[in-house]
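Worksheet: one structure, shown below.
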Amino acid sequence: MTDLKADSDNNPATGPGGSKIPDIGVDSNRAEKQSNGETGLTTTRYVLDAIARQGVHHVFMVPGGVVDPFLDQFGEAEDDVKAIVAANEAGAAYMADGYARASGLFGVCLGIGGPGIANMVGPLAAAYSDGSPVLTLAGEIPTDWDGRGGFQDASTGGVNDIGFLSAVTAMSREIPEAKMVPRVLDHAMRTMLGREQKPVSLSFPKQIQTQVIPGEYSGFKPLQADNISPRGLDLHGAKQLLAALEHNGAGNIAILAGSGAIRSQASDKLLEFAQKYYIPVATTLKAKGVFPETHPLSLGVFGYAGTNHATLALLNGDKGNANCPNAGIDDNRLLLVLGSSLNQRDTMRWDQHLKPEAGIYQVDVDIANFSKNFPVDTGINGDICTLLEWLLQQEQGGQLASLLEGAQQRRQWLAAISEKPRYYQNEDRQSTATPMHPARIITELQIIAPKNTVIIADSGAHRAFAGHYWQSHGPRQYLTAAAMAPMGWAIPAGIGAKVACPDKPCVVITGDGCMLMNGIEIQSAAKNNLPLIVLVINNSALGNVYLRAKTPIAKQLTSLATHDWVAFSRSLGGDGIRVENPRDLSLAFDRAFAANGPFVIDARCSPDFETPINPWRKAVEQASWSED
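Here's what the structure looks like:
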C-alpha cells in the first residue's frame, strides 16, 4: 500500500506518486466562523479534506438534493478532491471499487439516501466479498423529518438505509451532529482499512452538512501506512516453516500467491526469494500479476482459468493411475500458500489432489483463514512481505542451505513441466475463424499492449479467456471481481482504475451481456476525457450459461440480439471500431491505444467456443451442480 505516513510534527505525508498530502487541521482559507466567533470547518469540507489527507483525490457520485452541500466543495486544482459523476449510483460504487483495487488506497462514492444507496448495495456486496475498501457517503433528509413521510426518507424511521447496508459493509452509521463527524469518520476509516478491508457507509442528515465543526473536535491524525498494512510476524510459526523448508529443501517445493501478497506489497521480495532458491510460483486469479507471469519461474494462475503448468505442479496424484492430474510429472512435496484463503476457485474446487506429502503451510495476517476452506498443516500468522524479508536474512541462510542445494532438482522438475503446453487449447491462440475466437483476440491484445497495461476483466466466458491467456507483468495490473462476480462490474470499475492510474493504459475485457447492464457508463468516461479501452467479446449470448444450455429453449433464453456497440459508444461521446476478422485486430488495437477518450472494440465472436478451463470443467461434470 502507498506510504501515507504523516510525521507527528504535521509535516506533509507522501501520497501516490510522491505527491504531497496536505495537513488537515483547520485551513484558514476554508474555515468558517460561528456566531460565537469560533473557527472550524463545515462537515462537507472536513470530510473531503480528510479523504485528501489519505491521498485520495476523487469521489464517484450522482448528485441529488440531500447532497447539494457537497457539490460546492469539489474543485479542479491538483490538491482538490474532484467529483466524477456517474450515470447511476451503482456505477459510482463500482468506480470506487475499481479505484481502490488499482490504487491500493480506498475508493469513495457519494449518493442520496434511499434510491441512491439502494442502487449501491450490489456493488458494495461485490467489494465486501473481495475485501475492497470503499467509503460510502450518503446524504439523508433533515433529522426532524425522520419518520414523518418526507420525500425519499431513508432514515431509521423511513426505509432505513442503515438496515440494508449493514449486510454489505463492515460499519454503517448515521451521524446526527456535526461535532461527531471527525470521530465517527476516523473510526469508519480505521474499520475500512483494518485487518479485513471492507466497505463502510456514513449517512449525513442534510442540516449537519453545512454546520461548522468546532476546532477542538477535529484533532484526529491521519492513518499511517504501518497501521493499514500490518507488518507483524509470528516467529514461532515462521520457525516451523523454516524447519520444514530445511528438511524438505532438496525436494520439489512450490508457492501459491494470493491477494494477500498484493496487499502486503510483497511482489519484490517474492521474486527475490523465488529466484534465490529456484521455487516456481503460481498465483490465484485474483492475485494474477503479483509474480510476473513471463518470468521463467511463473506457473501462471492456479484454479479457475488456470494454466496447465500450475495444475501439473500443484496437483499430485497416484502414479499408478494414467489419468492422475500430474501424469508424467514428479509430485510437489511442500506447498507454501501466501495470502490465499484457499477458497473454491483458488483450489480447483477444493481438489483433494492438492495434498503435498510434507504439507501445506499457509501464511496470512488473519488467523480465521487457516483451514477455513481447505485443510492446511501449519498456519503462520503474519505479514507476507515481513516473512519473506525474514527468510531472506543472512541469519536464516545457513539453515536454508539444503533449500539452496535443492535448486537443481526443482530446475529439472520445472523443465519437465515446461515441456508440456502452458495453455489448454493452445492452437486457438492462432485461430483464423470468423466469427473470431476469443483466444486469438487476447493473444493479439498481448502483442500490442504495453507491459504496464491494466486489465479489468468482467464476469462471463470472456473472463476465463482473459485469465487463462493474458500474462500480467505486475501487481494490480489484472483486476476482477472474484467472489460475487457481478456482470458489468468491469466497465465502471475500469473508469475508477483509469482515474487511479492515469499514466497506465487500462483495458476492460467485457461481453455484450455485461454491456447491456453497465455499458452506459461509457458516457462517464467520455465526459471526463478518460482514454479507456473497452474490448467487447460480442458473441450475441450470455457466454457461460449459453455453453451449458442443452435444450433449444435454454439456448434461446441465453442468446442475445447482436448490438452495434461502436454506434452505442459514439452516441455517448466515445469512439470505436468493429472487428470481424482476426487479421484486423492489430490495427484496431493500435487505434484504441492511440485514442484520447473511451474507445470500444466491438469484436464479433462465436458463442460456441469452449472456455479453456479443462480441469475445472471436468470437476464440474463430476459434481451435481455448477456455476459461472
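Counting in the UniProt record's numbering, the sequence shown tops out at residue 628, every number present. Virtual Cβ for every residue (Gly too), placed ideally from N, Cα, C.
Strand pairing of residue i, partner residues [DSSP]
i, result
"Cys109", "Phe60, Thr136"
"Lys82", "His58"
"Phe599", "Ile533, Asp575"
"Arg604", "Asn538"
"Cys506", "Val454, Leu532"
"Leu559", "As written in the sequence, residue 559 is Ser, which differs from the Leu given in the question. Note: Ser559 sits in a beta bridge opposite Ala541."
"Tyr478", "Ile455"
"Gly511", "Ile537"
"Ala254", "Leu335"
"Met436", "Cys605"
Start and end residues, beta strand (DSSP E) containing residue i
i, result
"Gln362", "360-364"
"Val301", "298-301"
"Ser201", "200-205"
"Asn381", "378-381"
"Glu174", "171-174"
"Ile213", "212-214"
"Val337", "334-338"
"Ala282", "281-283"
Beta carbon of residue i nearer than 8 Å to that of residue j
i, j, result
"Asp364", "Pro230", "no"
"Gly249", "Gly406", "yes"
"Asn373", "Asp234", "no"
"residue 645", "Ala86", "Here the chain comprises residues numbered 1 to 628, so residue 645 is not present and cannot be evaluated."
"Asn252", "Asp331", "yes"
"Ile175", "Val181", "yes"
"Pro123", "Gln197", "no"
"Ile417", "Ala313", "yes"
"Glu76", "Asn119", "no"
"Ser202", "Leu270", "Correcting the residue identity first, residue 202 is Leu in this sequence and not Ser. Contact: no."
"Glu246", "Leu403", "yes"
"Pro280", "Leu297", "yes"
"Thr347", "Gln240", "no"
"Asp130", "Ala483", "yes"
"Arg411", "Tyr278", "yes"
"Ile553", "Gly494", "no"
"Tyr99", "Gly496", "yes"
"Gly513", "Leu560", "yes"
"Glu521", "Pro492", "yes"
"residue 646", "Tyr546", "Residue 646 lies beyond the range of the chain shown here (1 to 628); nothing can be said about it."
"Ile208", "Tyr46", "no"
"Asn326", "Leu315", "yes"
Unbroken alpha helix (DSSP H) run spanning residue i, endpoints
i, result
"Leu165", "161-165"
"residue 657", "The requested residue 657 does not occur in the structure, where the chain is confined to residues 1 to 628."
"Thr191", "181-192"
"Ala310", "308-314"
"Ile367", "First-last for Ile367: undefined, no H or E at that position."
"Val66", "Where Val66 is concerned, there is no enclosing alpha helix (DSSP H), given that its DSSP letter is neither H nor E."
"Leu241", "235-248"
"Val121", "115-130"
"Thr386", "384-392"
"Val47", "43-53"
"Thr347", "From DSSP, Thr347 is part of no alpha helix (DSSP H); its letter is neither H nor E."
"Leu354", "No alpha helix (DSSP H) contains Leu354, which DSSP labels as neither H nor E."
"Ala416", "407-418"
Nearest residue (CA-CA) to residue i, options the options
i, options, result
"Leu535", "Val454, Ala485, Asn528, Thr558", "Val454"
"Asn518", "Lys498, Val81, Ser459, Gly543", "Ser459"
"Glu78", "His58, His437, Pro325", "His58"
"Phe273", "Pro450, Gly55, Gln394, Ser586", "Gln394"
"Thr562", "Thr611, Ser218, Asn538, Ile213", "Asn538"
"Gln425", "Tyr469, Gln399, Gly303", "Tyr469"
"Pro356", "Met192, Arg333, Phe609, Gln362", "Arg333"
"Thr510", "Leu542, Asp428, Met348, Val121", "Leu542"
"Leu516", "Asp564, Arg190, Leu110, Pro421", "Asp564"
"Arg548", "Thr611, Ala238, Gln412", "Thr611"
"Ser472", "Pro492, Pro486, Val67, Ile447", "Ile447"
"Leu41", "Asp153, His295, Phe70, Ala154", "Phe70"
"Asn452", "Lys420, Gln523, Phe593", "Phe593"
"Arg173", "Val159, Ala188, Leu572", "Ala188"
"Glu580", "Val566, Gly55, Pro450, Gly139", "Val566"
Touching by the beta-carbon criterion (3+ pairs, under 8 Å), the stretch 247-266 and the stretch 334-351: Counting C-beta pairs with one atom in each stretch, the stretch 247-266 and the stretch 334-351 have three or more that are closer than 8 Å, which means they touch.
Counting pairs of Cβ atoms below 8 Å between the stretch 286-299 and the stretch 472-484, do you hit three or more? Inter-segment contact for the stretch 286-299 and the stretch 472-484 is present: three or more beta-carbon pairs are separated by less than 8 Å.
Between the stretch 462-470 and the stretch 110-121, do three or more beta carbon pairs fall short of 8 Å? The stretch 462-470, when compared against the stretch 110-121, does not touch it at the 8 Å Cβ threshold.
Does the structure place the stretch 140-156 close enough to the stretch 91-98 that three or more beta carbon pairs sit under 8 Å? Cβ pair count under 8 Å is below three, so no.
Would you call the stretch 521-534 and the stretch 590-606 in contact, with 3 or more CB pairs under 8 Å? Cβ pair count under 8 Å is three or more, so yes.
Three or more beta-carbon pairs under 8 Å between the stretch 601-618 and the stretch 426-441, yes or no? Put simply, the stretch 601-618 touches the stretch 426-441. At least three CB pairs are less than 8 Å apart.
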